[in-house]
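Enquirer:
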Amino acid sequence: YCTPGKVITITATGTYSSTSAPTLSLGIYMGANSSTRGSDTQIGGTAASKTLGNTVSNLGWGLNYTIICDTTGVSGSVTGEGNTYSVLTATTQNNVAMYSSTSTTIDTTSAQNIYLFPGWNPSSASNTIIVNQFIVTGY
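Start counting the sequence shown at 2; every next residue gets the next number (my numbering).
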């Protein structure tokens with residue numbers, strides 16, 4: 002599926018709730034393990050991180066990301082860039098760019114799923130993220 006020049010776009014939206022103004026990191030990964038991000042390959046650079054509001058409930062977030070397939074094979078390569086946003090208050094929004102100046106090596110000879118993995122710092126059972134839409138298109 003990943004041939005040179007193939008463009009894959011990802012749009013995701015949802016809501017989050019948090020306590021104590023944590024940092025939320027969102028990253029796009031390719032692989033075969035939907036439950037452990039360490040088993041998959043992160044596309045692009047460091048995950049987008051943002052400090053959220055203090056003790057908030059059901060505020061919106063979103064992500065727009067583009068993956069371009071550069072080369073194919075066991076050591077194929079892709080590049081990925083995008084942006085995320087999170088609503089901090091009724092009148093404030095936080096935007097973070099997700100970019101990388103290098104490509105990511107990925108095996109394009111086997112099936113690769115696309116995942117969005119969140120990370121919280123500090124982690125707390127009270128910090129939650131819900132994905133309402135996760136749309137992946139390729140052309």
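Positions of the beta carbon are idealized from the N, C-alpha and C atoms, including for glycine.
Using the beta-carbon count (16 or more within 10 Å), is V75 buried or exposed?
Expert: It counts as exposed.
Enquirer: Could you have a look at S40 and say whether DSSP puts it in helix, strand or coil?
Expert: Helix at S40.
Enquirer: Contact between the stretch 80-99 and the stretch 111-122 is defined here as three or more beta-carbon pairs at a separation below 8 Å; is this criterion met?
Expert: Verdict: no, contact absent.
Enquirer: With DSSP as the reference, label V79 as helix, strand or coil.
Expert: Reduced to three states, the DSSP call for V79 is strand.
Enquirer: On the CB-based measure, 16 or more other CB atoms within 10 Å of its CB, does Y100 come out buried or exposed?
Expert: Result: exposed.
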